[in-house]
Structures are given as structure tokens and as C-alpha cells.
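Engineer: Have a look at this one.
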Amino acid sequence: MSTSTIRRALLMAALSAAAAFSASAPAAEYPDHPIRWLVPFSPGGGSDLATRIVAKHVGDSLGQTVVVENRPGAATIVAAQETARAAPDGYTLMTAGMSTLALNPSLYKNLPYEPFRNLSMVSTLVNLPIVLVASPASDLTTMTDVLMYLRSGKQASYASLGVGSPHHLAMELFLQTFGGQATAIPYKGTPPALQDVASGVVPLMMADLAAARPLIQAGKLRAIAVPAVQRSALLPDVPTFGEAGAYPLEAAAWQGVVAPARTPKPIVEKLSRAIVAALQSPDVIKQLTLQGMEPAGSTPDAFFAYASQERDRWGAVIRHKGISAD
Numbered sequence: 003m004s005t006s007t008i009r010r011a012l013l014m015a016a017l018s019a020a021a022a023f024s025a026s027a028p029a030a031e032y033p034d035h036p037i038r039w040l041v042p043f044s045p046g047g048g049s050d051l052a053t054r055i056v057a058k059h060v061g062d063s064l065g066q067t068v069v070v071e072n073r074p075g076a077a078t079i080v081a082a083q084e085t086a087r088a089a090p091d092g093y094t095l096m097t098a099g100m101s102t103l104a105l106n107p108s109l110y111k112n113l114p115y116e117p118f119r120n121l122s123m124v125s126t127l128v129n130l131p132i133v134l135v136a137s138p139a140s141d142l143t144t145m146t147d148v149l150m151y152l153r154s155g156k157q158a159s160y161a162s163l164g165v166g167s168p169h170h171l172a173m174e175l176f177l178q179t180f181g182g183q184a185t186a187i188p189y190k191g192t193p194p195a196l197q198d199v200a201s202g203v204v205p206l207m208m209a210d211l212a213a214a215r216p217l218i219q220a221g222k223l224r225a226i227a228v229p230a231v232q233r234s235a236l237l238p239d240v241p242t243f244g245e246a247g248a249y250p251l252e253a254a255a256w257q258g259v260v261a262p263a264r265t266p267k268p269i270v271e272k273l274s275r276a277i278v279a280a281l282q283s284p285d286v287i288k289q290l291t292l293q294g295m296e297p298a299g300s301t302p303d304a305f306f307a308y309a310s311q312e313r314d315r316w317g318a319v320i321r322h323k324g325i326s327a328d
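Read in order, the letters of the sequence shown are residues 3 to 328 in the numbering used here.
The structure is reproduced here in C-alpha cells:
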């Protein structure tokens, strides 16, 4: 072998080693200062609580402070835009769920960000179970009663958290599966909506299980069924839709974690491992479960696949119903 050939071989080996080092270096050195984690909702809600619980453990694992910042507004669009515009260095994260990734692309004609082009999927975070509840003042005691009410041709109605919210779309999916009809009565938040259902102003609602459970246990709301494959451990006596005699519906709100697009893969994977480890911690599991949330956690690729599937699924419902948030 000639000297020049040997030199070329050594050069190629050196370049390959340098490339391998540069690929692993970002993750090895990361993080060296605090991380911002944006929440697109006001303080105190389920997504905010879940983020703060997990962020503390992630910060401890990575050896850096994780600062949670609330950026509510415009159906999570404000926080999504800020995340998409941030430097892709792993120091900006966002809690993003159904609205951000799966619903907004179909609800808004001119969405100022593209979820799968402007954001990097990091990990799933939590599932937020939903329960169909009825007013104790109504005659709706079983799923059969509900189906008859929604098929009656009368002016049926239900409480909704606004056009395009996960709860609104869960009810619309329910109506679509059996041809029922009802008018959505919009509310600005879960507490006033549940209060009106409890008092009989509106007879029905697809509600956050976590928010509805105390009222169900106090006898102020009547739980009809959960749109899930299995019963909830928090409401073990409440049947699934399939058990209750309806189409086996599966609908739940969910949240995940994203970073700006082009964030280096080693950093994204390091963050994902830290989040998954936090979600497997007995302490975190206990705290989230007490809040009515189900810990999730996944690889970036698995989250990408799940979010894509949910975008297609709910997009079909939105188009079929002609729903728009513009």
C-alpha cells in the first residue's frame, strides 16, 4: 500500500472519528444552563400541574433547573409560535397536545406554524381521561337514555369548552358514530360548564375526569360512561361506552413535549430519556394519578407516529362536521 493511500485512509478515519465526536458532543455537554419549559395554558390546570411535576424530576436528572413558564392564548398558538421561533439548542421545550399538534391544523386555515415541520417531537407526557356526565336533575341515567335523547329530534344540547376543544370534538365524534344531533353550548372554562350541568342548565357534557370526579363522588353529577377501552381506575364503577351499550368509543385528551425543529437528535433523545424516567418514578406516578392524569412517556419517533395518527383521525371528524375556529 502506498504512503499516499495510507495517508488518505488515516484522514478518512480521522474525519469519521471527528464526525462521531461532534454528533455525540452536544448531548454530552448538554445542558449547561437552565431550560425553559413553556405551558400554553394558565397556571393551575391539569397540563400545568403535570408539567411542573415532571419538570422538577427532569431538572434533577439533568442537573439543571427547568423553569416552567405559562404562555396561554389562542388555542396554544402563542406558545407554539414562540417555541417554533426559539433557538434549536434544547433550552426551550413546550407542553403540546391535541390542540397544538392534532386539532389546530384542521381548525385554522392560516395556522402560523406547521406542527410537524416547525417542532420536534420529544415524548408523550400524560393522558387526560374524559367522562360523559349528565345532570342529576335530568332523566338521563343510562347510556340508553342518552342515545334516545340525542336521537329524539328535540332540541338536545350539551356543554362544550369551545369550538375545536378536545371535549367538543369527543362529543361530536360520539354524535357522528350513531347519527345523533345536539347543539354545543360554549363555556370559557371547565368549572362554569360543570356547574351548569350539575344544576341542570345543560343536561350533558364530555368532561375532564379529574375535574368531574369530585362532583360525581358528591352526587352532584351523574357519570354515564367513559370513552375508553378500559374502565378508569379512578371511577371503577363507571362503564366504558362499549359496556354501556354504545359504540366502543375511544377519546381522551393528551399532552406531550416538543422542542424547536432542528434541535440536535442526541439532545432530543437525552431529553426524551429524562422525561420517560421521570414518568416512571413512583413519586411522579402517584402525584399525577391523584390529579386524575395517566402518565405516558415515549421515544421521539413513537410520539411522532402517535401525533400524526391523531391529526389524521381528528382531522376527519373536523372536516366531516365542517368545524372551523376561524
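Cβ atoms here follow ideal geometry from the backbone N, Cα and C, with glycine treated the same way. As the structure is a computational prediction, the values presented were derived from the model and not from experiment.
For A76 and L127, what's the separation of their Cα atoms in angstroms?
Structural biologist: Position 74 of the sequence shown, counted from the start, is the residue given in the question as residue 76. Position 125 of the sequence shown, counted from the start, is the residue given in the question as residue 127. Rounded to whole angstroms, A76 to L127 spans 22 Å at the Cα level.
Engineer: Helix, strand or coil for M207 per DSSP?
Structural biologist: Here the question's residue 207 lines up with position 205 in the sequence shown. In this structure, M207 counts as strand in the three-state DSSP scheme.
Engineer: What is the C-beta distance between L223 and V259, in whole angstroms, given that I count them as a contact (C-beta under 8 Å)?
Structural biologist: In the sequence shown, counting from the first residue as 1, residue 223 sits at position 221. In the sequence shown, counting from the first residue as 1, residue 259 sits at position 257. That belief does not hold up - the Cβ atoms of L223 and V259 are roughly 32 Å apart, past 8 Å.
Engineer: Sort out for me which residues DSSP pairs I218 with in a bridge.
Structural biologist: What you label residue 218 is simply residue 216 of the sequence shown in a count that begins at 1. Answer is none; I218 lacks a bridge partner.
Engineer: Considering only the alpha carbon of each residue, which of Q183, G181, G164 lies closest to P194?
Structural biologist: Start at 1 with the first residue of the sequence shown, and residue 194 comes out as number 192. Among Q183, G181, G164, the Cα nearest to that of P194 is on G164.
Engineer: Have a look at L206, Q83, M145 and flag the residue whose alpha-carbon is nearest the alpha-carbon of G247.
Structural biologist: Reading the sequence shown from its first residue, position 245 is the one you call residue 247. For the residues L206, Q83, M145, the minimum Cα distance to G247 belongs to M145.
Engineer: Over the uninterrupted beta strand (DSSP E) stretch that includes V259, give me the two end residues.
Structural biologist: The residue given as residue 259 occupies position 257 in the sequence shown. Taken as a continuous stretch (DSSP letters only), the beta strand (DSSP E) holding V259 covers 255-262.
Engineer: Could you give the distance in angstroms between the alpha-carbon of R54 and the alpha-carbon of L149?
Structural biologist: One-based indexing of the sequence shown puts residue 54 at position 52. One-based indexing of the sequence shown puts residue 149 at position 147. C-alpha separation (whole angstroms): 40 Å.
Engineer: Does the beta-carbon of R73 have 16 or more other beta-carbons within 10 angstroms, so that it is buried, or is it exposed?
Structural biologist: Counting from one through the sequence shown, the residue named residue 73 turns up at place 71. Classification for R73: buried.
Engineer: For P302, list the residues DSSP reports as bridge partners.
Structural biologist: Within the sequence shown, the letter at position 300 stands for residue 302. Residue pairing by DSSP leaves P302 without any beta bridge partner.
Engineer: Check whether the Cβ atoms of V135 and A30 lie closer than 7 Å to each other.
Structural biologist: Locating residue 135 in the sequence shown gives position 133, counting from the first residue. Locating residue 30 in the sequence shown gives position 28, counting from the first residue. Taking 7 Å as the Cβ cut-off, V135 and A30 do not qualify as a contacting pair.
Engineer: Going by the CB atoms, is the gap between A255 and L130 shorter than 7 Å?
Structural biologist: Taking the sequence shown and counting its residues from 1, one reaches residue 130 at position 128. Taking the sequence shown and counting its residues from 1, one reaches residue 255 at position 253. For L130 and A255, yes; Cβs fall inside 7 Å.
Engineer: Using 7 Å as the threshold, is the C-beta distance between G244 and P238 below it?
Structural biologist: Against the sequence shown, residue 244 aligns to sequence position 242. Against the sequence shown, residue 238 aligns to sequence position 236. No. Outside cutoff.
Engineer: Counting Cβ pairs, one atom from each stretch, are 3 or more of them under 8 Å apart for the region 84-91 and the region 59-66?
Structural biologist: no
Engineer: If we require 4 or more residues per run, which alpha helix (DSSP H) segments fall completely within the region 124-204?
Structural biologist: 145-153, 168-180, 192-201
Engineer: Pick from L273, S154, W316: whose alpha carbon is nearest that of Q183?
Structural biologist: In the sequence shown, residue 183 corresponds to position 181, counting from 1. When each option's Cα is compared against that of Q183, the closest is S154.
Engineer: Is V286 helix, strand or coil by DSSP?
Structural biologist: Within the sequence shown, numbered from 1, the residue matching residue 286 stands at position 284. The three-state secondary structure of V286, taken from DSSP, is helix.
Engineer: Assess, as a yes-or-no matter, whether the region 273-283 is touched by the region 107-122 under the definition of 3 or more beta carbon pairs within less than 8 Å.
Structural biologist: no
Engineer: I'd like the span of the alpha helix (DSSP H) that includes N106, first residue to last.
Structural biologist: Start at 1 with the first residue of the sequence shown, and residue 106 comes out as number 104. Taken as a continuous stretch (DSSP letters only), the alpha helix (DSSP H) holding N106 covers 106-109.
Engineer: Is it true that the CB of P42 sits closer than 7 Å to the CB of T1?
Structural biologist: In the structure as shown, the chain begins at 3 and stops at 328. Residue 1 is therefore absent and cannot be evaluated.
Engineer: For P205, which option in A213, L171, T143, A220 has the closest C-alpha, if you only look at C-alpha atoms?
Structural biologist: Walking along the sequence shown from the start, residue 205 turns up at place 203. It is T143.
Engineer: Since I believe L103 is in contact with A309 (beta carbons under 8 Å), could you give me their beta-carbon distance rounded to a whole number of angstroms?
Structural biologist: For the purposes of this step, residue 309 is identified with residue 307 of the sequence shown, where counting begins at 1. For the purposes of this step, residue 103 is identified with residue 101 of the sequence shown, where counting begins at 1. Indeed they touch by this definition, with Cβ atoms about 5 Å apart.
Engineer: Keeping to the same chain, check which residues put their C-beta closer than 7 Å to that of S26; ignore five residues upstream and five downstream.
Structural biologist: Here residue 26 is taken as the residue at index 24 of the sequence shown, counted from 1. Caution is warranted here: a pLDDT of 46 is assigned to S26, below 50, making its placement in the model unreliable, and no coordinate value can be reported.
Engineer: Rounded to whole angstroms, what's the CA-CA distance from S137 to L236? Just pull it up for me.
Structural biologist: In the sequence shown, the residue the question calls residue 137 occupies position 135. In the sequence shown, the residue the question calls residue 236 occupies position 234. About 20 Å.
Engineer: Assign F43 to one of three DSSP states: helix, strand, or coil.
Structural biologist: Taking the sequence shown and counting its residues from 1, the one referred to as residue 43 is at position 41. In the structure shown, F43 sits in coil (DSSP, three-state: anything other than H, G, I, E or B).
Engineer: How long is the line joining the alpha carbons of Q219 and A230, rounded to whole angstroms?
Structural biologist: On the sequence shown, position 217 is the one that residue 219 refers to. On the sequence shown, position 228 is the one that residue 230 refers to. Taking the straight line from one Cα to the other gives about 20 Å.
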